[in-house]
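Step one of this worksheet: look at the structure below.
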Amino acid sequence: MTVKRRNLYLFLALACFLGIIVIFIFDGYLGVYDSLVMDNGQFPQKVEADQWQRQEKFGYFASTSVDRGGRIEFTYTVENHRFTAYTAGVQASLWYNQDKLADLKAGQVAAGAFGQGELKWTLDVREFVPADFPPEQGYNMNVDIKRGDIVRKVVVYISPLPVPPKPLIAPSR
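Here our numbering is used: the first residue of the sequence shown is 51, the next is one more, and so on.
See below:
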């Protein structure tokens with residue numbers, strides 16, 4: 051009789067241990083995660099879901115740079131790690147300081163159970179840099195991506211044009 055109870059407690063302890071492991075796996079995996087790929091033609095950058103969390107905690111903003119007159123292609127991906135489908139409205143807008151320059155893209159992102167959905171748009175920076183802005187200075191703009199009540203921010207830095215050095219006049223002899 052005692053042998054059977056000893057095995058019963060062993061199996062009960064193993065079941066509890068496996069239950070705790072399963073809870074950690076599901077808690078860490080289930081949910082809705084978003085990522086952003088920014089491709090400026092030179093090298094693509096990807097902002098993962100954990101980087102967005104650091105942004106909220108430490109005030110860190112993801113950023114990318116582009117040459118003046120260049121383009122950046124954005125791909126916003128929503129990964130659904132849930133048992134039900136997920137649909138949300140996504141709005142991307144361009145800001146300079148506190149002024150809204152343009153609405154870049156608005157649309158729905160739909161992802162089935164354990165699937166993903168994506169939204170793509172292109173930012174042509176020459177449309178938004180003021181013509182009278184000095185070309186030897188850099189220019190910062192922000193892209194705000196709003197999904198439901200979640201707002202993601204990305205800083206876009208427009209590199210200055212290289213200024214050729216002024217020729218030196220040789221002193222007369």
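Where a beta carbon is used, it is the ideal one built from N, C-alpha and C, also for glycine.
Compute the beta-carbon to beta-carbon distance between residue i and residue j, rounded to the nearest angstrom, for a pair I have assumed lies under 8 Å.
{"i": "residue 140", "j": "residue 159", "result": "5 Å"}
{"i": "residue 192", "j": "residue 204", "result": "7 Å"}
{"i": "residue 113", "j": "residue 98", "result": "In fact, because the Cβ distance is near 15 Å, the residues do not count as touching under 8 Å."}
{"i": "residue 58", "j": "residue 126", "result": "Wrong, their Cβ atoms sit about 52 Å apart, outside the cutoff."}
{"i": "residue 163", "j": "residue 134", "result": "6 Å"}
Going by C-alpha to C-alpha distance, which of the options sits closest to residue i?
{"i": "residue 179", "options": "207, 163, 153 and 196", "result": "207"}
{"i": "residue 167", "options": "69, 83 and 128", "result": "128"}
{"i": "residue 111", "options": "148, 136, 134 and 194", "result": "194"}
{"i": "residue 155", "options": "148, 161 and 124", "result": "124"}
{"i": "residue 157", "options": "142, 96 and 220", "result": "142"}
{"i": "residue 184", "options": "102, 118, 199 and 215", "result": "118"}
CB-CB under 6 Å to residue i, same chain, minus the five flanking residues each way: which ones, in chain order?
{"i": "residue 210", "result": "186, 187 and 188"}
{"i": "residue 121", "result": "172 and 174"}
{"i": "residue 51", "result": "Confidence at residue 51 is low in this model, with a pLDDT of 47, below 50, so the placement of that residue is unreliable and no value is reported for it."}
{"i": "residue 197", "result": "138 and 140"}
{"i": "residue 146", "result": "191"}
{"i": "residue 130", "result": "82, 136, 161 and 165"}
The beta strand (DSSP E) with residue i in it runs from where to where?
{"i": "residue 190", "result": "189–197"}
{"i": "residue 122", "result": "121–131"}
{"i": "residue 173", "result": "166–174"}
{"i": "residue 116", "result": "112–117"}
Name the one or two DSSP bridge partners that residue i has.
{"i": "residue 141", "result": "156 and 196"}
{"i": "residue 181", "result": "Residue 181 is not bridged to any residue."}
{"i": "residue 81", "result": "131"}
{"i": "residue 89", "result": "94 and 123"}
{"i": "residue 149", "result": "146"}
{"i": "residue 205", "result": "113 and 192"}
{"i": "residue 59", "result": "In DSSP, residue 59 forms no bridge with anything."}
So, for residue i: in the same chain, excluding its five sequence neighbours on each side, which residues have a beta-carbon less than 7 Å away from its beta-carbon?
{"i": "residue 219", "result": "none"}
{"i": "residue 79", "result": "131"}
{"i": "residue 101", "result": "112"}
Output needed for residue i: all residues of its chain with C-beta closer than 8 Å, excluding positions within five of it in sequence on either side, in chain order.
{"i": "residue 94", "result": "87 and 88"}
{"i": "residue 150", "result": "143 and 144"}
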